[in-house]
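Here the sequence shown is numbered in the working numbering, starting from 1 and rising by one per residue. Just so you know, even glycine gets a beta-carbon here, dropped at the ideal spot from N, CA and C.
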Amino acid sequence: MERRGFFGLAAITLLPGCMTNYGEERTMSELYGIVGQMKCAPGKRDEVLAAMLAGTRDMPGNIAYIIAEDLGDVDSLWITEVWESREAHGASLQLPSVQEAIGKARPHIAGFGTRVETKPVLGE
Numbered sequence: 001m002e003r004r005g006f007f008g009l010a011a012i013t014l015l016p017g018c019m020t021n022y023g024e025e026r027t028m029s030e031l032y033g034i035v036g037q038m039k040c041a042p043g044k045r046d047e048v049l050a051a052m053l054a055g056t057r058d059m060p061g062n063i064a065y066i067i068a069e070d071l072g073d074v075d076s077l078w079i080t081e082v083w084e085s086r087e088a089h090g091a092s093l094q095l096p097s098v099q100e101a102i103g104k105a106r107p108h109i110a111g112f113g114t115r116v117e118t119k120p121v122l123g124e
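Okay, structure coming up:
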């Protein structure tokens, strides 16, 4: 099953002892998260969703990348991201696949709503 098939449950299970691509153990204090609302042009949510899903696979340093449809707003998406570090997130924005996804989605994005940066933690 793909990473997205778990809707982040696997990532949540792995967070307390998460590993980098190199087998180096990371601490919870290094993790970086973002939760944000993306507002799509009326009737264009499916186009934005398709572009984002296609362009956000295999991003180094990404632990979870969950795109969810807003049940109260048919033109909004919520994106929840967990990264090994703030730097890993920044580097992902330069990936050709991410740049292509942004280019495809941009004409259908009407704006952005709430956006918060987080420090992912779990009870121990």
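Nonlocal neighbours in the same chain, by C-beta distance under 8 Å from residue i, ignoring five residues either side
| i | result |
| --- | --- |
| Asn21 | In this prediction, Asn21 scores a pLDDT of 41, lower than 50, which makes its location untrustworthy; no coordinate-derived value is stated. |
| Gly23 | Per-residue confidence for Gly23 stands at a pLDDT of 40, beneath the threshold of 50, marking its modelled position as unreliable; the derived number appears in the next sentence. Nothing meets the Cβ criterion. |
| Gly43 | Asp75 |
| Asp70 | Gln37, Ser76, Leu77 and Trp78 |
For residue j and residue i, believed in contact at Cβ under 8 Å, the rounded distance
| i | j | result |
| --- | --- | --- |
| Ile79 | Gly111 | Actually they do not touch by this definition, with Cβ atoms about 14 Å apart. |
| His108 | Tyr32 | The Cβ separation is near 27 Å, so there is no contact. |
| Glu30 | Ser85 | 5 Å |
| Glu81 | Tyr65 | 5 Å |
Sequence-distant residues of its chain with Cβ nearer than 6 Å to residue i (five each side left out)
| i | result |
| --- | --- |
| Val116 | Val35 |
| Gly55 | Ser97, Val98, Glu100 and Ala101 |
| Glu87 | none |
| Ala68 | Trp78 |
| Lys104 | Ala51 |
| Thr118 | Gly33 |
| Thr114 | Gln37 |
Where the beta strand (DSSP E) through residue i begins and ends
| i | result |
| --- | --- |
| Ser76 | Ser76 to Trp83 |
| Arg115 | Ile109 to Thr118 |
| Val35 | Tyr32 to Cys40 |
Same chain only: Cβ atoms within 7 Å of residue i, ignoring 5 sequence neighbours per side
| i | result |
| --- | --- |
| Leu49 | Ile67 and Leu77 |
| Leu95 | Met59 |
| Leu53 | Ile67 |
Limits of the unbroken alpha helix (DSSP H) element including residue i
| i | result |
| --- | --- |
| Gly61 | Gly61 -> no alpha helix (DSSP H), and no H or E assigned at all. |
| Gln99 | Pro96 to Ala105 |
| Leu49 | Arg45 to Gly55 |
| Gly72 | Looking at the DSSP string, Gly72 is not in any alpha helix (DSSP H), and its letter there is neither H nor E. |
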